[in-house]
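S.K.:
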Amino acid sequence: MSELNRHWIVGPGALGRLIALRLATRASEGVEVALLGRRRLAASQTLVTPDGTPLTRALTMATVDTPPSPPPDVVHLVTKAYAADAAHRTLAAHLPPGTPLVLWQNGFDCQPRLTERHAGPVLCATTTEGAFVASDDRVVHAGHGQTLVGALDGGHRALADALARRLDGAGLPARAVGDIRARLWQKLAVNAAINPLVARFRIRNGQLRDRPFRPMVEAVIIEVAGIMAAEGVAPPEGEGLEGWRALVWRVVAGTANNRASMLQDVLAGRPTEHRAILGPLLAAAARHGQEVPRIAALQAELCGLATNLADPASPC
Ligand code: PAF
Numbered sequence: 001m002s003e004l005n006r007h008w009i010v011g012p013g014a015l016g017r018l019i020a021l022r023l024a025t026r027a028s029e030g031v032e033v034a035l036l037g038r039r040r041l042a043a044s045q046t047l048v049t050p051d052g053t054p055l056t057r058a059l060t061m062a063t064v065d066t067p068p069s070p071p072p073d074v075v076h077l078v079t080k081a082y083a084a085d086a087a088h089r090t091l092a093a094h095l096p097p098g099t100p101l102v103l104w105q106n107g108f109d110c111q112p113r114l115t116e117r118h119a120g121p122v123l124c125a126t127t128t129e130g131a132f133v134a135s136d137d138r139v140v141h142a143g144h145g146q147t148l149v150g151a152l153d154g155g156h157r158a159l160a161d162a163l164a165r166r167l168d169g170a171g172l173p174a175r176a177v178g179d180i181r182a183r184l185w186q187k188l189a190v191n192a193a194i195n196p197l198v199a200r201f202r203i204r205n206g207q208l209r210d211r212p213f214r215p216m217v218e219a220v221i222i223e224v225a226g227i228m229a230a231e232g233v234a235p236p237e238g239e240g241l242e243g244w245r246a247l248v249w250r251v252v253a254g255t256a257n258n259r260a261s262m263l264q265d266v267l268a269g270r271p272t273e274h275r276a277i278l279g280p281l282l283a284a285a286a287r288h289g290q291e292v293p294r295i296a297a298l299q300a301e302l303c304g305l306a307t308n309l310a311d312p313a314s315p316c
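Next up, the structure:
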């Protein structure tokens, strides 16, 4: 596997810009980065590192319907989950067949579809890197995390290793794994127990530990654990319901002061990623003949939010 030097990052949100700016620090090794969005951003972008150091880089900026040339060694799709299909459709026409694609979306919605549809190898990535775009448009790398990459069927190992090496060398600790499908479902399980409730009640993660929210979280965990058991996905530590319960409450404690991503979307008037997070759970429950009234109710409530009703890309 040759080195991955030319990267296109599609989706200039906080995570997309973080990846772009970290990769751009390896320019002396031949790494070239282009950042693509629906509109062209300012070429000069600043990242504030976790120790507070500002790092400014000039990036190639382009739009998805007029991408730069030459073609990339790899494309990173870092859009919101509900925008991934449309971005891929627009971009695919400009990519030579065989171009590797990396999907960075939350949930488990577009991953199987785009793995099937893309004319080239597809990897999925899941990360615990924390970043946000500050009011002065600088990207703040709030905390270091870990990125895992792999193909849904565990294949493309050399590509996953090369990508992990490239990210790691750019300051984003990363590792290739053979079980990315289980890792995506584990993250989805945590997201399903936290995100919809904090978005609906507009609370910080830590408040889920208090009444009246704690029993609501517990009820969701029980339904999620049942679906995971039927899907054959085990929690990362421990077993069954207790393992899922321990995982969710550990993440709640570790992120107590956070406004979770779905709450941030609601507060910013953006559509939420409920379809990518709750949708796969509802579909799996239906496949296995399981009743999941709490998850179904959360999905209905999120569908009814004004920002979701207004957005045709996020139908229910
Ligand atoms: O979506 C998020 O914000 C995060 O995945 C999590 C774990 C819910 C913490 O806020």
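In UniProt numbering, the protein residues as written are 1 to 316.
A virtual CB, placed ideally from N, CA and C, is assigned to each residue, including glycine.
1) Have a look at residue 274 and residue 303 and give me their C-alpha separation to the nearest angstrom.
2) Given 7 Å as the limit, tell me if residue 262 has its C-beta closer than that to any heavy atom belonging to the ligand PAF.
3) Measuring CB to CB, does residue 94 end up less than 8 Å from residue 123?
4) For the ligand PAF, I want to know if residue 190 counts as a neighbour, meaning its beta carbon is within less than 7 Å of at least one of the ligand's heavy atoms.
5) On the DSSP bridge assignment, give the partners of residue 61 in chain order.
6) Taking 7 Å as the cut-off, does the CB of residue 308 come closer than this to any heavy atom belonging to the ligand PAF?
7) In this structure, how does DSSP classify residue 235 when only helix, strand and coil are distinguished?
8) Checking 8 Å against the spacing of the C-beta atoms, do residue 325 and residue 64 come in under that value?
9) What's the gap between the Cα of residue 195 and the Cα of residue 213?
10) Between which residues of its own chain and residue 159 is the CB-CB distance below 7 Å, once the five residues before and five after are set aside?
11) Could you tell me which of 60, 138 and 182 sits nearest to residue 231, measuring between CA atoms?
12) Just to confirm the assignment, what range does the beta strand (DSSP E) spanning residue 9 have?
13) Below 8 Å on the Cβ atoms is my contact criterion, and I expect residue 205 with residue 277 to pass it. Report the Cβ-Cβ distance as a whole number of Å.
14) Roughly how many angstroms separate the alpha carbons of residue 290 and residue 233, rounded to a whole number?
15) For residue 285, I'd like the list of residues in its chain whose CB is within less than 6 Å of its CB, leaving aside the five on either flank, ordered along the chain.
16) Sort 103, 97 and 98 by Cα distance to residue 82 and report the nearest one.
17) Compute the minimum distance between the beta carbon of residue 194 and the heavy atoms of the ligand PAF, and state whether it is under 7 Å.
18) Given a cut-off of 8 Å on the beta-carbon distance, is the pair residue 117 and residue 223 in contact?
19) Pull up the distance between the alpha-carbon of residue 225 and that of residue 251, whole angstroms please.
20) Mark residue 66 as exposed unless 16 or more other C-beta atoms lie within 10 angstroms of its C-beta, in which case mark it buried.
21) Does any heavy atom of the ligand PAF sit closer than 7 Å to the C-beta of residue 25?
22) Per DSSP, residue 322 is paired with what?
23) Please indicate yes or no: does the CB of residue 257 lie closer than 7 Å to some heavy atom of the ligand PAF?
24) Between which two residues does the alpha helix (DSSP H) holding residue 40 run?
M.R.: Reading it off the structure:
1) Position 274 of the sequence shown, counted from the first residue, corresponds to residue 274. Position 303 of the sequence shown, counted from the first residue, corresponds to residue 303. For residue 274 and residue 303, the distance between alpha carbons rounds to 8 Å.
2) Stepping through the sequence shown from its first residue, residue 262 is reached at position 262. Because some heavy atom of the ligand PAF lies under 7 Å away, the Cβ of residue 262 counts as near it: yes.
3) The count along the sequence shown starts at 1 and reaches residue 94 at position 94. The count along the sequence shown starts at 1 and reaches residue 123 at position 123. For the 8 Å CB-CB criterion, residue 94 and residue 123 do not form a contact.
4) The sequence position of residue 190 within the sequence shown is 190, counting from 1. Yes; taking the cut-off as 7 Å, the Cβ of residue 190 has a heavy atom of the ligand PAF nearer than that.
5) Indexing the sequence shown from 1 puts residue 61 at position 61. BP columns for residue 61 point to 35.
6) Indexing the sequence shown from 1 puts residue 308 at position 308. Outside the cutoff, so no.
7) Your numbering for residue 235 matches position 235 in the sequence shown. In the three-state scheme derived from DSSP, where H, G and I count as helix and E and B as strand, residue 235 is classed as coil.
8) The question about residue 325 has no answer here: the residues shown for the chain are numbered 1 through 316.
9) Indexing the sequence shown from 1 puts residue 195 at position 195. Indexing the sequence shown from 1 puts residue 213 at position 213. Looking at the two C-alpha atoms, the distance is approximately 12 Å.
10) Taking the first residue of the sequence shown as position 1, residue 159 is located at position 159. Excluding residues within five positions, the ones whose Cβ falls inside 7 Å are 1, 100, 121 and 123.
11) The residue you call residue 231 lines up with position 231 of the sequence shown. Each of 60, 138 and 182 was checked against the Cα of residue 231, and the nearest Cα belongs to 182.
12) Within the sequence shown, residue 9 is the residue found at index 9, counting from 1. According to the DSSP assignment, residue 9 belongs to the beta strand (DSSP E) that extends over 6-10.
13) Reading the sequence shown from its first residue, position 205 is the one you call residue 205. Reading the sequence shown from its first residue, position 277 is the one you call residue 277. Their Cβ separation, rounded to whole angstroms, is 15 Å, which puts residue 205 and residue 277 out of contact at 8 Å.
14) What you label residue 290 is simply residue 290 of the sequence shown in a count that begins at 1. What you label residue 233 is simply residue 233 of the sequence shown in a count that begins at 1. Approximately 16 Å between the Cα atoms of the pair.
15) As a position in the sequence shown, residue 285 is number 285, starting the count at 1. Taken in chain order, the residues that qualify are 227 and 292.
16) The count along the sequence shown starts at 1 and reaches residue 82 at position 82. Nearest option by C-alpha distance: 103.
17) Translated into positions along the sequence shown, residue 194 becomes position 194. Residue 194: yes, Cβ under 7 Å from the ligand PAF.
18) For the purposes of this step, residue 117 is identified with residue 117 of the sequence shown, where counting begins at 1. For the purposes of this step, residue 223 is identified with residue 223 of the sequence shown, where counting begins at 1. Cβ atoms of residue 117 and residue 223: not closer than 8 Å.
19) Numbered from its first residue, the sequence shown carries residue 225 at position 225. Numbered from its first residue, the sequence shown carries residue 251 at position 251. Approximately 16 Å, taken between the alpha carbons.
20) Translated into positions along the sequence shown, residue 66 becomes position 66. Under this definition residue 66 is an exposed residue.
21) Position 25 of the sequence shown holds residue 25. Incorrect: residue 25 has no Cβ contact closer than 7 Å to the ligand PAF.
22) Residue 322 cannot be examined here, being either before or after the span of the chain that is shown, 1 to 316.
23) Looking up residue 257 in the sequence shown gives position 257. Checking every heavy atom of the ligand PAF against the Cβ of residue 257, none is found closer than 7 Å.
24) Counting from one through the sequence shown, the residue named residue 40 turns up at place 40. Unbroken run through residue 40: none, as it is neither H nor E.
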